[in-house]
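Novice:
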Amino acid sequence: MQRLTNEAVERANALDEATATPDDYQRLAEEWANEVMSLGIEVKGLWLIDFDNGSGYYCWQYPEESLQYFHGYDDGFRGRVKLQ
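Following this note's numbering, the numbering of the sequence shown begins with 29 at its first residue and continues without gaps.
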């Protein structure tokens, strides 16, 4: 997940701002999301993913260095708490 996301962010940063279109960025984000979802991971936003653990979600967002947060099913991103 981190490797896929790091590579996608690098590709986005490498796009030429003068010639890249919104569609170029959209296509790149969709490719990333499809790769992540093919691993059984839920995509919740751009560079934001959740892992269902049966009682809620472990939550990771780029550029966090590791999986450090959890939130309940109804809490969403704002309700996430740091893992102990």
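Note that CB positions come from ideal geometry on N, CA and C, so glycine has one too.
1. Grab me the residues of R39's own chain with a C-beta within less than 7 Å of its C-beta, minus the 5 sequence neighbours each way, in chain order.
2. Where DSSP assigns a beta bridge to Y86, which residues make up the other side?
3. Helix, strand or coil: how does DSSP classify W68 here?
4. If we ignore side chains and look at the alpha-carbon of each, how far apart do F79 and E58 end up?
5. Quick one: measure Cβ to Cβ for T49 and W75, integer angstroms, because I've assumed they're closer than 8 Å.
Specialist: Let me lay it out:
1. As a first step, residue 39 is located in the sequence shown; it is residue number 11 there, counting from the start. So the list reads L56, once near-sequence residues are dropped.
2. For the purposes of this step, residue 86 is taken as residue 58 along the sequence shown, with counting starting at 1. DSSP output for Y86 lists F79 and F98 as bridge partner(s).
3. As a position in the sequence shown, residue 68 is number 40, starting the count at 1. Sequence inspection shows Gly at residue 68; the Trp mentioned does not correspond to that position. G68 falls in the coil class under three-state DSSP.
4. Locating residue 79 in the sequence shown gives position 51, counting from the first residue. Locating residue 58 in the sequence shown gives position 30, counting from the first residue. Distance between the alpha carbons of F79 and E58: 19 Å.
5. Along the sequence shown, one-based indexing puts residue 49 at 21. Along the sequence shown, one-based indexing puts residue 75 at 47. Rounded, the Cβ-Cβ distance is 20 Å, inconsistent with contact.
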